[in-house]
Amino acid sequence: MAIRHTMQVEGDTLVVQASGFDGSLAEVERYGLAVIAACVEHGVTRVLCLEQELEYRLGTMDTFRAAEFIAAQAPRVGRVAVVCAPGALPDGQFWENVVVNRGLTASVFVDEEAAVRWLRAEPGSAEWDGLSQPRHAG
32 MAIRHTMQVE
42 GDTLVVQASG
52 FDGSLAEVER
62 YGLAVIAACV
72 EHGVTRVLCL
82 EQELEYRLGT
92 MDTFRAAEFI
102 AAQAPRVGRV
112 AVVCAPGALP
122 DGQFWENVVV
132 NRGLTASVFV
142 DEEAAVRWLR
152 AEPGSAEWDG
162 LSQPRHAG
């Protein structure tokens, strides 16, 4: 499998460390389902996906399909922060737009500290609302 990942629960957050590359749509779907299953199993409501070492290779349509699939499968009770490499940000932002438009609370970052602040922030707070610009800065 091209995507390698580990998962660890830290309080109410599932921390996922992923590396390698996404070799196919099916592989990305399996990865997403594994993350969802771990959240349900451990009763966590926050997910921090550290994907700086994961190379995004899917094309635009498969990225759309992957996001649509995950949005259909994921519970709507939590929030997900994905941290990607700066060069992967355009693909990450596209994925974010698709899942958010389908009801998930998710955001993509290149800065891990900004991602953690966003995960901890209350919706509508200055931290939540104020991250729209700095969250994408490297």
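Under my numbering, residue 169 is the last one in the sequence shown; the count climbs by one each step, no gaps.
Positions of the beta carbon are idealized from the N, C-alpha and C atoms, including for glycine.
Check                                                                                                                                                              : Outcome
Just tell me which of 123, 37, 48 has its CA closest to the CA of residue 89.                                                                                      : 123
Hey, how far is the Cα of residue 67 from the Cα of residue 155?                                                                                                   : 25 angstroms
With 16 other CB atoms within 10 Å as the buried threshold, where does residue 77 fall?                                                                            : buried
Any idea what DSSP makes of residue 112, helix, strand or coil?                                                                                                    : strand
DSSP three-state call for residue 133: helix, strand or coil?                                                                                                      : coil
Name the DSSP beta bridge partners of residue 179, please?                                                                                                         : Past the boundaries of the shown model lies residue 179; the chain is included only from 32 to 169, so the question cannot be answered.
Thinking residue 44 and residue 135 are a contact (beta carbons under 8 angstroms), I'd like their distance in whole angstroms, please.                            : That pair is no contact at about 16 angstroms.
Taking 6 angstroms as the limit between beta carbons, can you name the residues of its chain near residue 143, skipping five residues before and five after?       : 114
Looking only at its own chain, which residues have a Cβ that is under 7 angstroms from the Cβ of residue 22, when we skip the five neighbours before and after it? : This structure does not reach residue 22, given that the chain is present from 32 up to 169, and the question cannot be answered.
How big is the Cα-Cα spacing for residue 141 and residue 95?                                                                                                       : 20 angstroms
Thinking C-alpha only, which one of 110, 84, 125, 106 is nearest residue 51?                                                                                       : 84
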